[in-house]
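Per numbering that gives the first Met the number 0, numbering of the sequence shown is gapless, rising by one per residue and ending at 102.
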Amino acid sequence: MAVPNVEVQRQDRAAPLPATADAFAVHWKGGVPTELRVPRQRSGQTRKRVPVNVIEAGRGVAHICSDDRIAGWLTRNGLQTSGGNCWTRQHVTGLRNRHGIPV
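What follows is the structure, encoded as structure tokens:
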């Protein structure tokens with residue numbers, strides 16, 4: 000497989016982009032540049048997110064089950080944390096604290 004001859008440069012613009020994006024120019028071997036806009040990740044933001052259905056399931060049973068039981072139920076049903084791990088009591092406790100779910 001041939002490797003394409005490509006040069007990528009970050010563009011400096013007279014009119015600045017919003018703080019939520021970066022612009023790059025891809026210079027192809029044929030000479031035609033392509034502009035790419037890539038969204039920036041905000042401070043404190045991560046691509047890892049717990050699905051809404053897991054949050055709602057935790058909210059629905061938090062008043063009748065302990066964090067250990069909730070973790071076991073989520074794991075047995077094949078649901079994973081945002082990092083792809085099995086649920087533990089600590090994960091469920093963190094989920095409740097982050098989303099304001101009472102005990």
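Cβ atoms here follow ideal geometry from the backbone N, Cα and C, with glycine treated the same way. All of these numbers come straight from a predicted model, not from anything done at the bench.
Throw me the rounded Cβ distance for the residue i and residue j pair, which I believe falls under 8 Å.
i: Gly-82; j: Lys-47; result: 6 Å
i: His-98; j: Ala-70; result: With a Cβ gap of about 15 Å, His-98 and Ala-70 do not count as contacting.
i: Val-53; j: Leu-78; result: 5 Å
Between residue i and the rest of its own chain, which residues show a CB-CB distance below 8 Å, the 5 nearest in sequence each way excluded?
i: His-62; result: Pro-101, Val-102
i: Glu-55; result: none
Rounded to whole angstroms, what's the CA-CA distance from residue i to residue j? Just pull it up for me.
i: Thr-92; j: Ser-42; result: 24 Å
i: Ser-65; j: Arg-88; result: 9 Å
i: Arg-95; j: Val-37; result: 33 Å
i: Thr-74; j: Gly-30; result: 53 Å
i: Phe-23; j: Thr-45; result: 22 Å
i: Thr-19; j: Val-49; result: 23 Å
i: Asn-84; j: Asn-76; result: 13 Å
Less than 8 Å between the beta carbons of residue i and residue j, yes or no?
i: Trp-86; j: Thr-80; result: yes
i: Asp-67; j: Arg-39; result: no
Of all Cβ atoms in chain B, is any one closer than 8 Å to the Cβ of residue i?
i: Arg-46; result: No chain B is present in this structure, which holds just one protein chain.
By a C-beta neighbour count over all protein chains shown, 10 Å radius and 16 as the cutoff for buried, is residue i buried or exposed?
i: Gly-57; result: buried
Which residues in the same chain as residue i place their Cβ atom closer than 7 Å to its Cβ, once the five residues preceding and following it in sequence are excluded?
i: Gly-59; result: none
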